[in-house]
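Reading through the structure tokens given below for one structure.
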Amino acid sequence: MGTSNPKLDPPIAMIDYEKYLNPEQLEVVMAGDSPLLVIAGAGSGKTRALTYRVVRLIDSGVSPERILLATFTNKAARAMLSRVEALTDVDIKKLWGGTFHHISNRILRKYGHLLGYENNYSIMDQEDSRQLINTCMSELELNTKLDRFPRGNVVGDIISFAMNTNDSVSGVIKKRFPYLYIYAEQIQKIAARYEIRKKELNMMDFDDLLCNLRKLLVNFSEVKNEYSHRFVHVLVDEYQDTNIVQAEILDLLTSYHRNIMVVGDDSQSIYSFRGADFSNIIHFPERYPDVKIFKLETNYRSTPEILHVANMSITNNENRFQKELRPVRGAGIRPVYVPLRNVIQQADFVSQRIIELLREGIPPGEIAVLYRAHYHSMELQMELTRRGIPFEIRSGIRFFEQAHIKDVTAFMRLLINPFDELAWKRVLKLYKRIGKVAVGKIWTFIMNQRDPLSSVFSDDFLQCVSKTATPGLLEFRVTVKSMLELYQNNPISEVINAVMDTGYRQYLQEKYSDINSREEDLNQLANFSSKFGSMEDFLNELALLTNIAEENEMYLSSRDGGRILLGSIHQAKGLEWSVVFIIWCSEGMMPLARSLKEPGGEDEERRLFYVAITRAKDQLYFCHPVMNYTRGMDKAVLPPSRFLKELAPSHLDPAEIPFDQWMVDE
DNA sequence: ATACGATTTTTTTTT
DNA sequence: AAAATCGTAT
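So in this note's numbering the end of the first sequence lands on 712, straight run, no missing numbers.
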């Protein structure tokens, strides 16, 4: 459309802001230059305020490449950017928008060398990281047989938490893992070794992306100047979920223009397990004394009945900004509490009720079932499948983390970086008669080669391990040969097909029962790869992505009426449905027993509960299975969630209880 | 010594 | 359900 010469054209769009925004939102959108804090309740149109502010800034002449929009999820970034694009006709690629990890990655690709990384470093996902930590543990030959010595993933959690909270490993152990204090020294050793190994491998984990960006900005003033001058406006979504490192990055990036706008809701801070610290938002006014504070409290989403439950529940948390969601919608249906005999009956009830709702004409895309932990959805998945109700499950292992996806990408990683130790180890173990020991030997051989991929075809390669491994290695050769031939002059998808055709398909058949869906996944991956210019870009992006359907936006939007969604409460943040079922509202499940042990656990769980409630527009169901099957097939009685009990204390007049109760019998 | 199959444990939430 | 660990057969 039109030219973009600002001198000739009238303002890009003549947007009537007052028409699309309420007075609260309008103030935020129109606010002048200065630090801004927006306390935005659930459903108050915070995304709207944010997108319109970006539009307004562009409208008043700020060029898009000087705006940074930081979000928590890829999905949120995409949603906002596409709305801005629709409203302004501006090429959205110029605007810096994305997750913190994406933004960090973008800058580190350019300046990572200043910190001693090659610019083609690769990104480890959590599994890679845990694997490397396990390697470090065995290399250190610690006495891990000792009573209760932590597993690799626990050590990983400790290290990660330390990085995300600016704390030392021993500090984290003392505060959050006191029972491991006797092993503090060993864990520190593991952490130190892990650091070294990552650097050797030229790899960064998720935490490195953040910490290295901060390091870059702190230690290299020329870099800090470049970006802090560049970004005239920085806008941050979900600020309550930032951790200290992210907050510092933002402070550094905005140190010159000081136009930092943070939007968030302290009542929806649910990522403390990842180091998120809502004192960032609580103390923001102290860090920026000239801040202007706005509150968005008008809720457009939910019925008064639903908001009443939400408001009532969250008042049980002490430490928060005072705020109350004000409904604008008219009266609706009261939320419903449904006690159920057990999980089976719960699955039955939810499926049954869903069928009724669909019959009433509610589109499937307007129904969601939310839960605290992925395994809570097992029985329901089975029941929905049995009844032939199609659903979408955004949970469990994410697309790019599934074994078959990682296997195939490991092959490709060898092409990009022939010294990728993790990739070699993963790939070789796929072959028969090649296990831990053989892999170790082969790696020592590979490590010392000038050109590892060519050396695969040498006799020395075959001879560096016992003969039993030879057939596997010969098979491996075929795949490598095929990949090398295709790699340079063909689309990425060809390489993926080559891996499939030269044995991986057969491996899948032997190993898994659900080959069809796995093969389909790999086709999707091949399809998705066409969006990337080079294999390098492709692989680098993968670790930061989560869901392929989401990336293929056609998928998402062209669903007729959508599907019923099953997902964790964490994933539901920012979304809304007409009807929401919260399942497993039983003590120990919601709140989750394990989380209650963490400092501040109960409050955080209550915030989760609050997030879940405020997803619902019209109807809300709390399901409470009473009987739980424990390990030894014993039955245990679970009381209703304390969050429900506190809404209906016994002294309360029954009319005051904010929800109805249904009895379900067979 | 090694790989593989059986057994046990463990699974919050996400970039 | 999946991974880590354990035990056994080669």
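Just so it is clear, CB atoms sit at the ideal spot from N, CA and C, and this is done for glycine as well.
| Check | Outcome |
| --- | --- |
| I328 versus I360: straight-line alpha-carbon distance, rounded | 16 Å |
| Proximity of E351 and P381 at Cβ, strictly below 8 Å | yes |
| Simplified DSSP state of N543, which is helix, strand or coil | helix |
| Separation of C631 from I58, as counted between CA atoms | Any reading at I58 must be qualified, since the residue scores a pLDDT of 49, below 50, and its modelled position is unreliable; the value itself is stated next. Roughly 50 Å between the two C-alpha positions. |
| CB contact flag (L154, Y240, <8 Å) | no |
| Nearest-angstrom Cβ-Cβ length linking I480 and G518, presumed shorter than 8 Å | 5 Å |
| Sheet register partners of M673 (DSSP bridge) | N388, V683 |
| For R459, the nearest candidate out of I104, D583, Q552 (CA to CA) | D583 |
| Cross-strand partners of G626 (DSSP beta bridge) | The displayed chain sequence assigns Val, not Gly, to residue 626. The partner list for V626 (beta bridge, DSSP) reads A414, L666. |
| Selection from E622, I488, I439 that minimises the alpha carbon distance to K475 | I488 |
| Span of the alpha helix (DSSP H) around L256 | 252 to 265 |
| Alpha-carbon to alpha-carbon, E438 and Q570 | 17 Å |
| Per-residue DSSP class, three states only, for L115 | strand |
| Proximity below 8 Å, CB of R222 to CB of N199 | no |
| Cβ contact (3+ pairs, closer than 8 Å) linking the stretch 106 to 120 and the stretch 82 to 92 | no |
| Where E370 sits in the DSSP three-state scheme | coil |
| CB contact flag (E210, R320, <8 Å) | The identity of residue 210 in the sequence shown is Asn, whereas the question assumes Glu. The answer is yes: Cβ separation under 8 Å. |
| Every unbroken alpha helix (DSSP H) inside the stretch 491 to 533 [4 residues or more] | 498 to 501, 505 to 509, 516 to 533 |
| Proximity of A484 and R472 at Cβ, strictly below 8 Å | no |
| G678, buried or exposed, once every other Cβ within 10 Å from all chains shown has been counted against 16 | Legend: pLDDT at G678 = 47, less than 50; position of this residue unreliable, value from coordinates given subsequently. Exposed, since its Cβ has fewer than 16 Cβ neighbours within 10 Å. |
| L520, buried or exposed, once every other Cβ within 10 Å from all chains shown has been counted against 16 | exposed |
| Sequence-distant residues of the same chain with beta carbon closer than 6 Å to I628, five excluded per side | L416, A658, F668 |
| Sequence ranges, alpha helix (DSSP H) only - wholly within the stretch 422 to 471, length at least 4 | 424 to 432, 449 to 462 |
| CB-CB length for V84 against F340, believed under 8 Å | 5 Å |
| Cβ distance (whole Å) where I228 is taken to contact V218 below 8 Å | Actually they are not in contact, since the Cβ atoms of I228 and V218 sit about 15 Å apart, beyond 8 Å. |
| At least 3 beta-carbon pairs within less than 8 Å: the stretch 286 to 301 vs the stretch 129 to 136 | no |
| Per-residue DSSP class, three states only, for D394 | helix |
| Nonlocal neighbours in the same chain, by C-beta distance under 6 Å from Q234, ignoring five residues either side | V215 |
| Reduced DSSP secondary structure (H/G/I, E/B, other) of N166 | coil |
| Neighbourhood of S641 by C-beta distance below 6 Å, restricted to the same chain and skipping five residues each side | G647, E651 |
| Contact set for A639: own chain, Cβ-Cβ below 7 Å, skip 5 residues either direction | none |
| Cβ-based neighbour list, V526, same chain, cut-off 7 Å, excluding 5 preceding and 5 following | L499, V502 |
| Cβ separation of D311 and G87, assumed to be a contact under 8 Å, to the nearest whole Å | 6 Å |
| Reference H616; option with closest CA among S318, S397, W142 | S318 |
| Cutoff 8 Å; reference D606; Cβ partners in own chain excluding five residues on either side | Reliability of the predicted coordinates at D606 is poor, the pLDDT of 48 falling under 50, and the value obtained from them is presented with this limitation in mind. The answer is none, since no qualifying residue turns up. |
| C-beta contact flag for G1 and A123 at 8 Å | This structure gives no information on residue 1, because the portion of the chain shown stretches from 47 to 712. |
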